[in-house]
Amino acid sequence: MLTRFILIQTSHAGNVGGTARAMKTMGFDDLVLVAPRWANVLRREETIQRASGANDVLAKARIVDTLDEALEGVDHLCATAMTPRDFGPPTRAPREHFASLTGLQAEQTKRPGGVAFLFGSERFGMRNEDVYRCHACLSIPTHPQFGSLNLAAAVQLIAYDWRLALGGFALPPTTPEKPPADAKALAGMLTHLEQALVAVDFLDPEAPKKLMPRLNQLFNRAAPSEEEIHILRGVAKAMLQAAGGGKR
348 MLTRFILIQT SHAGNVGGTA RAMKTMGFDD LVLVAPRWAN VLRREETIQR
398 ASGANDVLAK ARIVDTLDEA LEGVDHLCAT AMTPRDFGPP TRAPREHFAS
448 LTGLQAEQTK RPGGVAFLFG SERFGMRNED VYRCHACLSI PTHPQFGSLN
498 LAAAVQLIAY DWRLALGGFA LPPTTPEKPP ADAKALAGML THLEQALVAV
548 DFLDPEAPKK LMPRLNQLFN RAAPSEEEIH ILRGVAKAML QAAGGGKR
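Going by my numbering, the first residue of the sequence shown is number 348, and it counts up by one from there.
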């Protein structure tokens, strides 16, 4: 699905770079700037620095004079604004609205072919006439007494929720857990550890109480691997050597 991020009359070059970075982290690269303050904003040093490696998004980005030029191929518009407009589109939380665009309801009707997210000027926000053109006004659920977001931060939140609605990305593969050591290896380690605890005067062999059974239960729950058993035996060996017990 075509996804476009449109910044209208952006006044800070750093926010353009920050937006490019936010988009790239979520797998989007269609950025359009409508009448930005700087004609060369895509090449400004601050923009490139804040993009932090998202130079391909900046290279593909377009600058246009009007919002109409930015909407080619888009059939669903989402404004981003904290304040609902009296005559504007319905105000909805991003995830709620995105579910309606991508879920079962959308399949039964018609999914949009292209979606655009509109972000207004840092100084003035979204103009009423631009909001009125949109199908929905997205309001990020922030703290009621402090809801002001940096432009690039707002883009990051919208991009993240939209990527989740589209299916998200798989987490990187994790290293498979090693199987636990067998009972014999665990018993040998506990015997070695008991010797070390006696050597450092932590365990009184004449009155051991329940220390070793409790440690046995602890290690059974932990299910240490063979490699971890070797580490623990190394600790026990060092304790014995430090206590003058020699090698075991």
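No residue lacks a Cβ here, since even glycine has one placed at the ideal position from N, Cα and C.
Within the segment 436 to 500, ranges of the alpha helix (DSSP H) (whole runs, at least 4 residues): Listed in chain order, they are 441 to 449, 451 to 455, 475 to 479.
Burial state of residue 502, where buried means 16 or more other Cβ atoms lie within 10 Å: Around the C-beta of residue 502, 16 or more other C-beta atoms lie within 10 Å, and the residue is accordingly described as buried.
Cα-Cα separation, residue 515 to residue 489: In a straight line, the C-alpha of residue 515 is about 23 Å away from that of residue 489.
Spatial distance of residue 538 from residue 548 (CA atoms): Using only the alpha carbons, I get a separation of about 16 Å.
DSSP three-state assignment for residue 359, whether helix, strand or coil: Residue state for residue 359 is assigned as coil, using DSSP reduced to three classes.
Residue nearest to residue 536 in terms of C-alpha spacing, selected from 422, 569, 578, 416: Selected option, being the one with the closest Cα: 578.
CB-CB length for residue 357 against residue 363, believed under 8 Å: At roughly 6 Å, the Cβ-Cβ gap stays under 8 Å, so residue 357 and residue 363 are in contact.
Rounded Cβ spacing between residue 478 and residue 426 (contact assumed at less than 8 Å): Contact holds; Cβ gap of about 5 Å.
Beta-carbon proximity list for residue 540, same chain, < 6 Å, skipping 5 on both sides: If the five residues before and after residue 540 are omitted, its C-beta is found closer than 6 Å to the C-beta atoms of 583, all from its own chain and listed in chain order.
Distance between residue 526 and residue 472 (C-alpha atoms, nearest Å): For the pair residue 472 and residue 526, the Cα-to-Cα distance works out to about 56 Å.
is_contact[residue 435, chain B] using C-beta, thresh 8 Å: Absent here is chain B; the protein component of the structure consists of one chain.
For residue 410: DSSP bridge partner residues: For residue 410, which the question treats as bridged, DSSP gives the partners 380.
Identified DSSP bridge partners for residue 352: Answer is 378, 464.
Helix, strand or coil at residue 570 [DSSP, three-state]: Three-state DSSP puts residue 570 in coil, outside helix and strand.
Three-way DSSP call (helix, strand, coil) for residue 426 in this model: Of the three classes helix, strand and coil, the one that applies to residue 426 here is strand, per DSSP.
Same chain only: Cβ atoms within 7 Å of residue 414, ignoring 5 sequence neighbours per side: Excluding sequence neighbours, residue 414 sits near 355, 381, 477.
Integer-rounded CB distance, given that residue 493 should sit under 8 Å from residue 533: With a Cβ gap of about 54 Å, residue 533 and residue 493 do not count as contacting.
Contact belief for residue 463 with residue 353 at Cβ below 8 Å, rounded distance in angstroms: Yes, residue 463 and residue 353 are in contact; Cβ-Cβ is about 5 Å, under 8 Å.
Option in 441, 389, 585, 563 with minimal Cα separation from residue 411: Of the candidates 441, 389, 585, 563, the one whose C-alpha sits nearest the C-alpha of residue 411 is 389.
Buried versus exposed call for residue 508 [16 or more other C-beta atoms within 10 Å across all chains shown]: Buried.
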